[in-house]
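Read through the structure below, which is laid out as structure tokens, and then see the notes.
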Amino acid sequence: MKILELQILKKEVLKNASNANSLDMVKEIQINFLSKKGKIAEIMSEIKNVDAQDRALFGQTINSFKNELVKIIDSKLELLSQNEKIKTFDLTQPGQWNKIGSSHPITMITNEICSIFQKIGFTVAEGPNIETIWNNFDALNTPEDHPSRDKQDTFYLENGNLLRCHTSPVQIRYMKSNKPPIRIVSPGRCYRRDTPDSTHSANFHQIEGLYVDHNVTLSDLKGTISYFAKELLGKSVKTRFRPHFFPFTEPSFEVDFMHPTSGWIEVLGAGLVHPNVFNNINHDYEKVSGFAFGMGIERIAMILYNIKDIRDLYENDQRFLKQF
Ligand code: DAH
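Right, here's the structure in full:
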């Protein structure tokens, strides 16, 4: 091949490559000229036959031919394959949604219960999971020999504190730092040395309620609980108070709700705040009375959502959680 022929070929091929407007055309030029057995390789292998005086220029020309062609083809391939993607992009396809998750059923029930009480003037007050023995037991009028204080029932820590076994100590904390009138609900995590089964978990949740003011009576407690039951389960729900014993209330009750499908179900413990509890706080509480109540959140979630095994609530199985 003569140098002039090469120059003409170079010009023509570069022009064709620059004008190529489909991936197929570009690939064809790439194969014909740049592959191992392509035209450029062939021309290079014949450089020895070129007239000696032209050889240097011939070499330069074929090299620049190759380099420029590679550049043009690379940029064409990029551009045209992008265009191809845009062409195949279907605007009518549904978008891709990010999975944003949802609240856990325990959180949903907690929020719902809190908002039911917030509507009638209660505020949410929380306390720590690690409590003093005093707040968890003594201040709540729970004697040394009460079974719940047993090491087999409560998690004691080496530093003399414990993991609270109920949310009732929040009553003590709140009364110590606030004067009556008091209206609070206190949701939170509690701990007991229970062996897990379908209705027990060593770690569960409660919500506590406390109302302290002048002349708070049992009928205030009954009215409040009955309002709560109707808001939670519907207007037709009945409530039933059964006498019971709790160290921190007198009188004390267990309260059942009449659930449309499950019948009478035990939902909460309640009563009028025991005078000893007030005495354990300070003199601001001498002339007041109050009621308190406490309930397990898992239990309510299980009733409302018909959950048969409490452990389902903690296993974080997406198939379970997606249902809420
Ligand atoms: N703390 C009790 C428990 O864990 C529940 C309870 C009962 C709380 C009566 C109260 C109450 O405030 O008045 O079983």
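Numbering-wise (numbering that gives the first Met the number 0), the sequence shown opens with residue 0 and increments by one.
The beta carbon of each residue, even a glycine, is placed where N, CA and C say it ideally should be.
None of these values were measured; they are calculated from a predicted model.
Exposed or buried, which one is residue i when buried takes at least 16 other CB atoms within 10 Å?
i: phenylalanine 121; result: buried
i: isoleucine 46; result: exposed
i: glutamate 157; result: exposed
i: serine 167; result: buried
i: arginine 310; result: exposed
i: leucine 161; result: buried
i: asparagine 135; result: buried
i: isoleucine 7; result: exposed
i: proline 259; result: exposed
i: threonine 91; result: exposed
i: isoleucine 119; result: exposed
So if DSSP puts residue i in a beta bridge, which residue, or which two residues, is it bridged to?
i: valine 276; result: Its beta-bridge partners do not exist; DSSP assigns none.
i: serine 185; result: Glu207
i: methionine 257; result: Trp263
i: leucine 123; result: Reading the sequence as shown, one finds valine at residue 123 and not leucine. DSSP, once it has assigned bridges, lists Val184 as partnering valine 123.
i: proline 250; result: DSSP output for proline 250 lists no bridge partner at all.
i: isoleucine 129; result: Leu162
i: serine 288; result: Asp212
i: alanine 269; result: Phe252 and Phe292
i: histidine 243; result: Ser251
i: asparagine 281; result: In DSSP, asparagine 281 forms no bridge with anything.
i: asparagine 202; result: Tyr190
Would you call the CB atoms of residue i and residue j closer than 7 Å?
i: phenylalanine 203; j: glutamate 297; result: yes
i: glutamine 205; j: glycine 126; result: no
i: valine 287; j: phenylalanine 256; result: no
i: phenylalanine 227; j: isoleucine 302; result: no
i: alanine 16; j: isoleucine 28; result: yes
i: glycine 208; j: valine 184; result: yes
i: aspartate 152; j: arginine 192; result: yes
i: isoleucine 280; j: methionine 174; result: yes
i: phenylalanine 245; j: valine 276; result: no
i: tyrosine 210; j: glycine 94; result: no
i: leucine 13; j: glutamate 67; result: yes
i: phenylalanine 57; j: lysine 9; result: no
Comparing the CB of residue i with every heavy atom of the ligand SAH, is any distance shorter than 6 Å?
i: threonine 194; result: This structure simply doesn't include the ligand SAH; it includes the ligand DAH instead.
Is it true that the segment 97-105 meets the segment 127-146, where meeting means three or more beta-carbon pairs spaced less than 8 Å apart? Contact between the segment 97-105 and the segment 127-146 is absent, because fewer than three Cβ pairs lie under 8 Å.
Length-filtered (4 minimum) alpha helix (DSSP H) runs lying within the segment 140-164: Segments of the alpha helix (DSSP H) lying fully in the segment 140-164: there are none.
Using 8 Å as the threshold, is the segment 216-227 in touch with the segment 265-281, meaning 3 or more CB pairs across them? Yes, they touch.
Inter-stretch contact at 8 Å, needing at least 3 Cβ pairs: the segment 34-43 / the segment 86-94: Flag = no, the segment 34-43 and the segment 86-94 do not touch.
Taking one C-beta from the segment 73-81 and one from the segment 8-27 each time, how about it: are there three or more such pairs within less than 8 Å? By the C-beta criterion, the segment 73-81 is judged to be in contact with the segment 8-27, since at least 3 inter-stretch pairs fall below 8 Å.
Three or more C-beta pairs under 8 Å: does that hold for the segment 174-186 against the segment 247-255? Taking 8 Å as the limit for Cβ pairs, the verdict is that the segment 247-255 does not touch the segment 174-186.
In chain order, each alpha helix (DSSP H) run of at least 4 residues that lies wholly inside the segment 37-86: For secondary structure counted as the alpha helix (DSSP H) over 4 or more consecutive residues, the segment 37-86 holds these complete runs in sequence order: 38-44.
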